[in-house]
Amino acid sequence: MEIDSDNITSPGAESDDVAYLVVRDGTKWRDVFRLVSGQVTTLGRATTNRIVVRDEVCSRKHCEVFQAESKWTVRDLDSRNGTRVDGVHVAGDYKLADGQLIQIGNCDLGFTFDLSHSFPQFEEFEELESETDTEHGEGVFDHPSVEPEPEIIHRRKKTRYNHASTGVPVGPDRTSRELADLYRLALDMGATKGARPLAEVVLNGLLQGSCADIGAILLLPKGATGEVQPGQLRVVAYKSAEDLPYQKVSDYLSGIVLSEWEAVLARDIADDSRLASRDSLGQIHAKSVICAPIRAGQVIHGLLHLYSTNPDNPLEPDDLEFALAVADQLAVALGNLKERESLAEGLALVRDENQTLRRQLAIESELIGDSPAMQQLRDVISRIAPTDATALIRGESGVGKELVARAMHFGSNRKNSPFVCMNCAALSESLLESELFGHEKGSFTGATGRKPGKFEQADRGTLFLDEVGEMSLGIQAKFLRVLEGHPFERVGGSEPINVDVRVVAATNRQLEQAVEEGTFRKDLYFRLYVAEIRVEPLRNHRTDIPVLAEYFRDRFARKAGRPVSGFTGEALELLLSYDWPGNVRELQNTIERAVILCTGKLIRDKDIELSRLSADREAVDSDLGSPSYREISLGELEQQHILATLEATDWNKSRASQILGIERSTLDRKLKRYRVARPSR
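What the sequence shown shows, in this note's numbering, is residues 68 to 748, in sequence order.
Quick look at the structure:
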């Protein structure tokens, strides 16, 4: 069973200002301790308590006894084994009655106002008191030598302004002014950047909102871990009404605040040996002090302290409440500041990494080769890139259309904005729409959240759409509206979205034929056909093959950590004689494979594996001059060639698409278009 009682807001001294605690040792009442109004008497195992209990069952800070509202009160300090009064556990603050027995651990203490009435054996108390009591009425059961303690008259762990935490009603006195001060201070704190300016703003608010004339804020250094010590604190803000030099707060008070996480109010500290030492505030004759922890959650950032040097206007419990409320707000602000600093540092790292990747991307986007075809290509790119014109890149599969698009992006005014790639042949119509325009949560099965589309991702940058000829007519219509500057909506959404995007499209299809066949919109064709860039197949600029081969050799040798330094003459001759139907992509894959298979420092001709597609092309060329030649369309010829390649690879679609130089999804689409299926066996 636990007993709850009302919380205390301020100490009083109207009656019964003096009481006593009498310690029972077995069957005898042994030691007497005097309780005086205005003082908080702490009990526990630690030597810093006013009454030290030598009992392992007792906590270091077990409980405290003080007078509040003219009533003597005992408060348990979250002790391990609890505090009992007359055998009943107490929770919160419990008002004591004359003759009650306080039990902590294995120790019993009797509470009384009159020793002669409750404890007749102590009728000669005045003589015995001099033997057991210290100057301030403190003692320990085995009477060790300790210094007198400060007159701490009030302690508070949570401010009364936090109703949910304390349950303490906020009275009308001073409340409106203090809440207004807190409000203005919160606004000022929100407008500051940096720990020092924040501390200075808070200190100004504290001195304006209390009767203190001196104040300071001390913070722990970054990275401070483990048990916090007063010596770790660093002054970040200090203010004095009379411009007095800073004197650090007492280590004793700081130790209490840092270890207990409680704010304390102490008075008459100029005469106290612990509070008015040579390195403390004795030199400035402080009469009262508030010391409050700056803590939030399980983190303590430091402490703040306020002093009053005016004996006629000392700091009051209301000042303690106000200071603790400000300290709590400061702790939250410091936590947010640290989080912002951490995010800013992370953002700076990401920006640096982004710039590094952009530089690397720009390097890898360089078009390699010095042939007339490559020089002409660079010239066309240099003229088109600075404009915002929509561009259409045309060329066989594998010629490097994406590299051309990257070169255009990094040669434009959009080079510091995103470059986003999208292969239109890789997805079905519904998925392509979602990828391009984005979708809202729940717009289709699997849409677990909102997702921006490629157009939004490329805002203010460049969107490269490869194999644009594979778009369905439905997607083409929506794509055309965006190209014409109209807003679009995400799939499943209704909010119009405007973007500023330059579109660069690429295709290896004959779009003119697709327009005639009705599979590609004529208006979209003309909208894309603003600036056309044609990329020649590799067989048309063979002089670039050795340069490209050397570039890929160096790249893959470093990547694989292989000591491959070049090519033999026979290997270069083989590379130059090959037709490269897969163009630069095929050359790249061939060199990478050769670097892996090479057993020496030079790549030999036998390390190079070439596809048979070139031989197939030569066979087709010879057939054109034969008497058996017949007129067939390109579509029919493509169908026959695809079927022949599938038969040669035993219908291995991955291998066939590699030989054909197209994506696997493109091969599946062509098979569906030509209604070609694997024959049953």
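Virtual Cβ for every residue (Gly too), placed ideally from N, Cα, C.
* Have a look at ALA231 and GLY105 and give me their C-alpha separation to the nearest angstrom. => In this prediction, ALA231 scores a pLDDT of 44, lower than 50, which makes its location untrustworthy; the coordinate-derived value is nonetheless stated afterwards. Rounded to whole angstroms, ALA231 to GLY105 spans 28 Å at the Cα level.
* Does the distance from the CB of ALA390 to the CB of SER277 come in under 8 Å? -> yes
* To do: May I ask you to report which of helix, strand or coil DSSP gives TYR596?
  => coil
* To do: Report the rounded CA-to-CA distance for THR454 versus SER479, giving the unit in angstroms.
  => 7 Å
* To do: Provide the residue span of the beta strand (DSSP E) that contains SER375, from first to last.
  => 366-375
* Taking the alpha-carbon positions, what's the GLY261 to ASP255 distance? -> 13 Å
* If you pair each beta-carbon of the region 585-593 with each one of the region 620-635, do three or more pairs fall below 8 Å? -> no
* Alpha-carbon spacing of GLY413 relative to VAL366, whole angstroms -> 22 Å
* To do: Quick one: grab the DSSP three-state call for ALA283.
  => strand
* Answer with buried or exposed for ASN565, where buried requires no fewer than 16 other C-beta atoms within 10 angstroms of its C-beta. => exposed
* **the region 486-495 touching the region 435-451, judged by at least three CB pairs closer than 8 Å** => no
* To do: Would you kindly work out how many angstroms separate the C-alpha atoms of THR108 and ALA333, rounded to a whole number?
  => 13 Å
* **Contact check, ILE171 vs VAL152, beta carbons under 8 Å** => no
* Segment limits, alpha helix (DSSP H) that includes SER721 -> 720-727
* To do: Starting from MET489, trace the beta strand (DSSP E) both ways and give me its first and last residue.
  => 486-490
* To do: Check THR666 in the structure and name its three-state DSSP category.
  => coil
* Asked: Nearest-angstrom Cα distance between GLN14 and ARG576?
  -> An answer regarding residue 14 cannot be provided, because it is not within the stretch 68 to 748 covered by the chain.
* GLU653 versus PRO264, ASP419 and GLY465, residue with shortest Cα-Cα distance -> GLY465
* From what residue to what residue does the alpha helix (DSSP H) around LYS737 run? -> 731-741
* Hey, which unbroken runs of the alpha helix (DSSP H) at 4 residues or more fall wholly within the region 117-148? -> none
* Asked: Would ALA472 be called buried (16 or more neighbouring beta carbons within 10 Å of its own) or exposed?
  -> buried
* To do: Pick helix, strand or coil for ILE435, following the three-state DSSP scheme.
  => coil
* Asked: Is the region 279-287 close to the region 295-307, with three or more CB pairs under 8 Å?
  -> yes
* In angstroms with no decimal places, state the Cα-to-Cα distance between THR716 and GLU556. => 45 Å
* Cα-Cα separation, ILE726 to VAL570 -> 30 Å
* Boundaries of the beta strand (DSSP E) in which GLN170 is found, first to last residue -> 168-171
* Asked: Taking the runs of the beta strand (DSSP E) that are 3 residues or longer, which of them lie wholly in the region 494-566?
  -> 529-533
* Rounded C-beta distance between GLU131 and LEU110? I'm assuming under 8 Å. -> 7 Å
* Tell me whether SER721 is buried or exposed, calling it buried when 16 or more other Cβ atoms sit within 10 Å of its Cβ. => exposed
* Is the Cβ-Cβ distance between ASP248 and GLY272 less than 8 Å? -> yes
* Length of the line joining the Cα atoms of GLY628 and LEU470 -> 26 Å
* Asked: To which residues of the same chain is VAL687 closer than 6 Å at the C-beta, ignoring the five residues directly before and after it?
  -> Caution applies to VAL687, whose pLDDT of 45 falls short of 50 and renders its modelled position unreliable; the model cannot decide the point.
* To do: Report back the beta-carbon spacing between VAL568 and ALA525 to the nearest angstrom; my notes put them in contact at under 8 Å.
  => 5 Å
* With 16 other CB atoms within 10 Å as the buried threshold, where does LYS138 fall? -> buried
* What residue does the beta strand (DSSP E) around LYS95 start on, and which one ends it? -> 95-103
* Asked: Roughly how many angstroms lie between the CA atoms of VAL356 and GLU562, to the nearest whole one?
  -> 59 Å
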